[in-house]
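Engineer: Chains as they are written, first to last, in our numbering: chain V, 388 to 487; chain B, 4 to 204. Note that CB positions come from ideal geometry on N, CA and C, so glycine has one too. Encoded as structure tokens, here's the structure I'll be asking about.
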């Protein structure tokens, strides 16, 4: 399979991640959607790296994306727990303390 | 199981079989493997969006992450595939499951019209951009693909060689340390909370 097939899969995964963020009213789905989007970006990096004649740059970038995704997931979950503790809800629309 | 769920899973199964068959016809053995992994990725994330229960959604993500690791393998990057499985399936997914277990379930939150409208709208947008890109961009692919060799060793050297990625490597270490300490600090329970609970109980 050529470059186009990988990019098509990556684009579809990115779209599904955006849908997960947009349509579900729950912070945890926002997190899952972000992970899907980061995975889509990683597929693109590795595919372009492979079909552009080798080298390491794309793969190194993908490794750093994975590292940052791990850090992001840890911090985001801590924030989710705190939001739930404060508002008794995991709906993003209900965290509106500054509006009062 | 509702009727809509049955219809949805039936459609996903049929589309998966059709996609794997088409990839096999196009690319033979490697095409079949690519089709299998691509179907894992897309069906996993689609069912993740569809499922009512957050726990099921989180487990559906195993398909997405594992399929991505398979695609990395197809692209000749075995080190990345292994770290994908270790970090995503072993780490991030476990973290998300912890988050799921610490928050209450809300089975009425998914609205079917909203899911369908979101799929249609975003799908149309991506299809439009994809058609534009396919019509205008002409990617030049390498005539012969380089055989990947000793990838793990190359990556290790690239991480530590002073003229390549050593600064990014050290910065990543600092970022991870700071992020994990910050996560512990943010998620901890304050003394006041514990005292309040003690007063109540």
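1. Between the region 75 to 88 of chain B and the region 119 to 137 of chain B, can you find at least three pairs of beta-carbon atoms closer than 8 Å?
2. Measure the Cβ-Cβ separation of residue 74 of chain B and residue 430 of chain V and say whether it is below 9 Å.
3. For residue 104 of chain B, does the three-state DSSP call read helix, strand or coil?
4. If the criterion is Cβ atoms closer than 9 Å, does the pair residue 35 of chain B and residue 27 of chain B meet it?
5. Whole angstroms are fine: how far does the CA of residue 166 of chain B sit from the CA of residue 470 of chain V?
6. Verify the CB distance criterion: does residue 71 of chain B have a CB-CB separation below 9 Å to chain V?
7. How would you list, in chain order, the residues of chain B whose beta-carbon sits under 7 Å from the beta-carbon of residue 465 of chain V?
8. For the putative contact between residue 101 of chain B and residue 464 of chain V, defined by C-beta atoms under 8 Å, what is the C-beta separation to the nearest angstrom?
9. Please decide whether residue 417 of chain V counts as near chain B, where near means a Cβ-Cβ distance under 9 Å.
10. Does the region 85 to 92 of chain B come close enough to the region 440 to 447 of chain V to have 3 or more Cβ pairs within less than 8 Å?
11. If residue 65 of chain B sits next to residue 460 of chain V, beta carbons under 8 Å apart, how far is it from one beta carbon to the other, in whole angstroms?
12. Using the rule of at least 16 other Cβ atoms within 10 Å of the residue's Cβ for burial, across every protein chain shown, is residue 407 of chain V buried or exposed?
13. Quick one: grab the DSSP three-state call for residue 465 of chain V.
14. Return the chain-ordered list of same chain residues with a C-beta closer than 6 Å to the C-beta of residue 76 of chain B, the five sequence neighbours on each side being excluded.
Structural biologist: Quick answer:
1. No, the region 119 to 137 of chain B is not in contact with the region 75 to 88 of chain B.
2. Indexing the second chain from 1 puts residue 74 of chain B at position 71. Indexing the first chain from 1 puts residue 430 of chain V at position 43. Yes, the Cβ-Cβ distance between residue 74 of chain B and residue 430 of chain V is below 9 Å.
3. Position 101 of the second chain holds residue 104 of chain B. Three-state result, residue 104 of chain B: helix.
4. Translated into positions along the second chain, residue 35 of chain B becomes position 32. Translated into positions along the second chain, residue 27 of chain B becomes position 24. It is a contact, given that the beta carbons lie within the stated cut-off.
5. Position 83 of the first chain, counted from the start, is the residue given in the question as residue 470 of chain V. Position 163 of the second chain, counted from the start, is the residue given in the question as residue 166 of chain B. Taking the straight line from one Cα to the other gives about 43 Å.
6. One-based indexing of the second chain puts residue 71 of chain B at position 68. It does; some Cβ of chain V falls within 9 Å.
7. Your numbering for residue 465 of chain V matches position 78 in the first chain. For a Cβ distance threshold of 7 Å, residue set 186, 189 and 190 of chain B lies close to residue 465 of chain V, ordered along the chain.
8. Counting from 1 along the second chain, the entry for residue 101 of chain B is found at position 98. Counting from 1 along the first chain, the entry for residue 464 of chain V is found at position 77. Indeed they touch by this definition, with Cβ atoms about 7 Å apart.
9. Taking the first chain and counting its residues from 1, one reaches residue 417 of chain V at position 30. Not closer than 9 Å to any Cβ of chain B, the Cβ of residue 417 of chain V fails to qualify, so no.
10. The region 85 to 92 of chain B is not in contact with the region 440 to 447 of chain V.
11. One-based indexing of the second chain puts residue 65 of chain B at position 62. One-based indexing of the first chain puts residue 460 of chain V at position 73. Not really, about 15 Å apart at Cβ, beyond 8 Å.
12. Position 20 of the first chain, counted from the first residue, corresponds to residue 407 of chain V. Taking all protein chains in view, the Cβ of residue 407 of chain V is crowded by 16 or more other Cβ atoms within 10 Å, so the residue is classified as buried.
13. Translated into the one-based positions of the first chain, residue 465 of chain V becomes position 78. Helix, per DSSP.
14. Sequence index remark: in the second chain, residue 76 of chain B carries index 73 (1-based). Closer than 6 Å at the Cβ level, and outside the excluded window around residue 76 of chain B, lie 84.
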